[in-house]
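Notes for the one structure printed next.
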Amino acid sequence: MIPAAFEYARASSVEEASKLLKKFGEDAKVLAGGHSLIPLMRLRLAQPAALIDINGIKELDHIKEDGQKLRVGALTRHVTIHNSAVVKAKLPLLAEIASEVGDNQVRNMGTMGGVIAHADAAGDYPTLALMLDADIVTNQRTIPARDFFKDLFTTALGPDEVVTEVVFPVANGPHKYVKFRRRLFDWAIVGVAAQKMNGGWRIGLTNVGPTPVRANAVEEALQKGAKAEEAAQHASDGLDPAGDLRASPEYKKHLARVLTKRAINQAEGHQ
Amino acid sequence: MKHKVATTVNGRQHEHEVEPRLLLVHYLRDNLGLTGTHIGCDTSQCGACTILVDGKAVKSCTMFAVQAEGRSLVTIEGMAKGGELHPIQQAFWDEHGLQCGYCTPGFIMAAAYLLEQNPNPTEDEIRKGLEGNLCRCTGYVNIVKAVQSAAKTMSATPAKKATVTAGGN
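Rendered as C-alpha cells:
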C-alpha cells in the first residue's frame with residue numbers, strides 16, 4: 012500500500028521544525044518514530060501534505076534527572092526508556108510501560124513525543140502522564156497533561172507547536188501496569204496503571220474513552236482505607252467507552268474493574 | 281519533489297533520487313533488487329520486512345527510504361559470507377525453523393538483533409524478542425530451537441557475531 016504523495020523536509024532544530032510547520036500549513040505533520048503515522052498513511056487514513064522529519068534533532072533524545080522530576084525528551088525511543096538506569100531508578104513504572112509498547116522493532120523506532128502528540132486512546136504513555144500530573148513541554152509553553160489530551164487523536168497543540176519534552180515526577184514506590192490484549196505486541200484492549208506516591212495511589216486507565224482517564228473514585232476509596240477489590244469496583248464509575256471490534260463497552264468496563272484490582276494487588280506484591 | 285538518499289546496504293554504497301513516499305522496503309526490493317526482504321502484511325505487524333538499520337531491527341515497511349539517508353543497513357542478503365550461511369541461517373536450516381519460508385528473512389534479522397542484545401537468551405526471552413514477527417506455519421517451536429542453537433554456535437565462535445553488526449560483505 013502506497014501512501015499519498017507529500018513534501019518532505021528535515022529539521023535540524025526545533026525552531027526550524029516550527030518554521031517548516033508554519034510554512035507547510037495545518038496539513039503538515041511531524042515525523043518522529045513514524046510507527047503510528049506511517050501505518051495510517053499507508054491505509055490513507057492520514058494524508059498529510061508535508062512531513063517534517065525531526066529525527067535529526069539530537070537534543071530531543073534525552074533522559075534527565077532534575078531534582079524530583081524526570082525529563083524525557085520527545086525523540087527518546089521506547090527501547091532507550093526501557094533500558095535507562097535513570098528511568099528504572101526514578102520512575103520504574105515508565106520503564107515497565109515502555110517495555111510493553113509494540114515489539115522490539117517498534118520500540119527501536121517509536122518515541123515518547125510521538126505517542127503523546129498522536130494521542131491515540133490506546134496509547135500507554137498518555138495514561139501515565141495524566142495520572143502523575145506530568146507536564147508536556149513544547150517549543151512555546153508548558154501544558155499540564157490534564158489540559159493536553161482533548162479528545163480522540165486531539166491535543167492542545169497548535170499547528171506549529173512541537174512537543175520537546177515530557178516532565179514526570181519521580182515516583183519509585185509500588186507500581187504496576189496491566190495491559191490486557193489478545194496478542195503480545197498489540198495495543199491494550201484496556202490498560203490500568205497503578206502507582207503509589209506521596210502516601211496515596213494514582214490510578215490511570217487506558218483505552219476506556221477518547222482520552223486517558225484518571226480513576227479518581229478508586230484513588231479516593233483507597234485513601235479512605237478500602238481494600239483493592241472494593242476500591243476497584245469504582246474503576247468504571249462514569250466511564251462510557253466506545254465499543255470496537257475487540258471489546259464491547261460493557262466488557263471494557265468489566266476489564267477496568269478487574270484490571271484495577273490486579274494492578275493494585277500486583278503493585279503491592281500480591282497476585 | 282524527489283530527494284537524494286545515500287545508504288550503505290550490506291557494505292555497498294548506493295545513491296538514488298526517490299519520492300518521499302517510497303517505503304524503505306520498496307526501495308530495497310525495487311530500486312536495489314534485494315528481494316530477500318519480504319512484504320507480509322503491509323500493516324506493520326508481521327515483521328517479514330525486518331532489516332537492521334545502524335544495527336537495530338526495524339520494520340522496513342514502516343520507514344520511508346528518505347529516512348535511511350546516511351545510514352548503514354543489513355538485509356538478509358548481507359548475512360551469508362563467501363558462500364557460507366550465517367550461523368542463524370544455518371540454525372534455521374538445521375532445526376527446521378521454517379516451512380514455507382516467507383517469514384524467515386524477517387525472523388533471521390530479528391534474531392540477529394536479539395542475539396546481539398542478549399547472546400544467551402532464555403526461551404521466554406526469545407519468544408518476547410521475536411514477538412514482532414509472525415509465522416503461520418511452524419507454531420514457533422522450531423524457530424525458538426533455531427535461535428537457541430544459533431546462540432550456542434555464535435558464543436562458541438564470537439567472530440561470527442561481529443559480522444552482523446558491521447554489515448559488510
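Each protein sequence line maps, in turn, to chains Y and P. Residues 12 to 282 (the working numbering) make up the first sequence, in order. Residues 281 to 449 (the working numbering) make up the second sequence, in order. Don't be surprised by glycine CBs; every beta carbon is placed ideally from N, CA and C.
What does residue i touch in chain Y if you count any residue whose Cβ is under 8 Å from its own?
i             : result
residue 330/P : 116
residue 327/P : 114 and 116
Kindly say whether residue i, judged by its beta-carbon, lies nearer than 8 Å to any beta-carbon of chain Y.
i             : result
residue 310/P : no
residue 449/P : The predicted position of residue 449/P is uncertain, since its pLDDT is 41 and thus under 50; a value taken from the coordinates is nonetheless stated next. Answer no: the Cβ-Cβ gap between residue 449/P and chain Y never drops below 8 Å.
residue 338/P : yes
residue 446/P : Per-residue confidence for residue 446/P stands at a pLDDT of 47, beneath the threshold of 50, marking its modelled position as unreliable; no derived number is given.
residue 442/P : At residue 442/P, the pLDDT of 48 sits below 50, so the modelled position is not reliable and the matter cannot be decided from this model.
residue 411/P : yes
residue 345/P : no
residue 324/P : yes
residue 283/P : yes
residue 384/P : no
residue 315/P : no
residue 342/P : yes
Take residue i as the anchor and find which of the options has the nearest alpha-carbon.
i             : options                       : result
residue 209/Y : 201/Y, 189/Y, 230/Y and 198/Y : 230/Y
residue 368/P : 283/P, 386/P, 353/P and 405/P : 386/P
residue 186/Y : 102/Y, 22/Y, 16/Y and 76/Y    : 102/Y
residue 431/P : 406/P, 343/P, 361/P and 365/P : 406/P
residue 215/Y : 59/Y, 171/Y, 27/Y and 136/Y   : 136/Y
residue 184/Y : 37/Y, 196/Y and 213/Y         : 213/Y
residue 378/P : 347/P, 349/P, 332/P and 426/P : 426/P
residue 306/P : 350/P, 341/P, 408/P and 371/P : 341/P
residue 128/Y : 58/Y, 248/Y, 48/Y and 36/Y    : 48/Y
residue 308/P : 418/P, 382/P, 416/P and 287/P : 287/P
residue 107/Y : 99/Y, 114/Y and 113/Y         : 99/Y
residue 267/Y : 202/Y, 15/Y and 114/Y         : 202/Y
residue 142/Y : 132/Y, 162/Y and 156/Y        : 156/Y
residue 416/P : 283/P, 304/P, 292/P and 321/P : 321/P
residue 190/Y : 182/Y, 133/Y, 237/Y and 239/Y : 133/Y
For residue i versus residue j, is the C-beta distance shorter than 8 Å?
i             : j             : result
residue 138/Y : residue 223/Y : yes
residue 471/P : residue 314/P : Outside the shown range of chain P (281 to 449) lies residue 471/P, about which nothing can therefore be said.
residue 286/Y : residue 88/Y  : A question about residue 286/Y goes unanswered here, because the residues of chain Y that appear run from 12 up to 282.
residue 62/Y  : residue 86/Y  : no
residue 390/P : residue 413/P : yes
residue 246/Y : residue 226/Y : yes
residue 232/Y : residue 271/Y : no
residue 23/Y  : residue 68/Y  : yes
residue 17/Y  : residue 300/P : yes
residue 285/P : residue 298/P : yes
residue 60/Y  : residue 43/Y  : no
residue 179/Y : residue 204/Y : no
residue 177/Y : residue 140/Y : yes
residue 219/Y : residue 170/Y : no
residue 371/P : residue 429/P : yes
residue 104/Y : residue 206/Y : yes
residue 114/Y : residue 411/P : yes
residue 434/P : residue 395/P : yes
residue 15/Y  : residue 58/Y  : yes
residue 348/P : residue 302/P : no
residue 257/Y : residue 193/Y : yes
Got a sec: is the Cβ-Cβ distance from residue i to anything in chain P below 8 Å?
i             : result
residue 46/Y  : yes
residue 35/Y  : no
residue 64/Y  : yes
residue 120/Y : yes
residue 225/Y : no
residue 19/Y  : yes
residue 154/Y : no
residue 252/Y : no
residue 12/Y  : yes
residue 50/Y  : yes
Please check the pair residue i and residue j, which I expect to be a contact at CB under 8 Å, by giving their CB distance rounded to whole angstroms.
i             : j             : result
residue 188/Y : residue 111/Y : 7 Å
residue 90/Y  : residue 65/Y  : Contact doesn't hold; Cβ gap of about 18 Å is too wide.
residue 164/Y : residue 147/Y : In fact, because the Cβ distance is near 15 Å, the residues do not count as touching under 8 Å.
residue 45/Y  : residue 343/P : 7 Å
residue 337/P : residue 116/Y : 5 Å
residue 217/Y : residue 175/Y : The pair is not a contact, with the Cβ atoms about 24 Å apart (cut-off 8 Å).
Going along chain Y in order, which residues have a C-beta closer than 7 Å to the C-beta of residue i?
i             : result
residue 318/P : Neighbours of residue 318/P on chain Y: none; closest Cβ ~14 Å, over 7 Å.
residue 393/P : 115
Give me the chain P residues within the contact set of residue i, using Cβ-Cβ distance strictly less than 9 Å, ordered along the chain.
i            : result
residue 16/Y : 299, 300 and 301
Residues of chain P with CB closer than 8 Å to the CB of residue i, please, in chain order.
i            : result
residue 59/Y : Neighbours of residue 59/Y on chain P: none; closest Cβ ~11 Å, over 8 Å.
Please list, in chain order, the chain Y residues whose beta carbon lies closer than 9 Å to that of residue i.
i             : result
residue 390/P : 114, 115 and 116
What does residue i touch in chain A if you count any residue whose Cβ is under 7 Å from its own?
i            : result
residue 53/Y : Of the protein chains in the structure, Y and P, none is chain A.
List the residues of chain P whose Cβ lies closer than 7 Å to the Cβ of residue i, in chain order.
i             : result
residue 195/Y : 411
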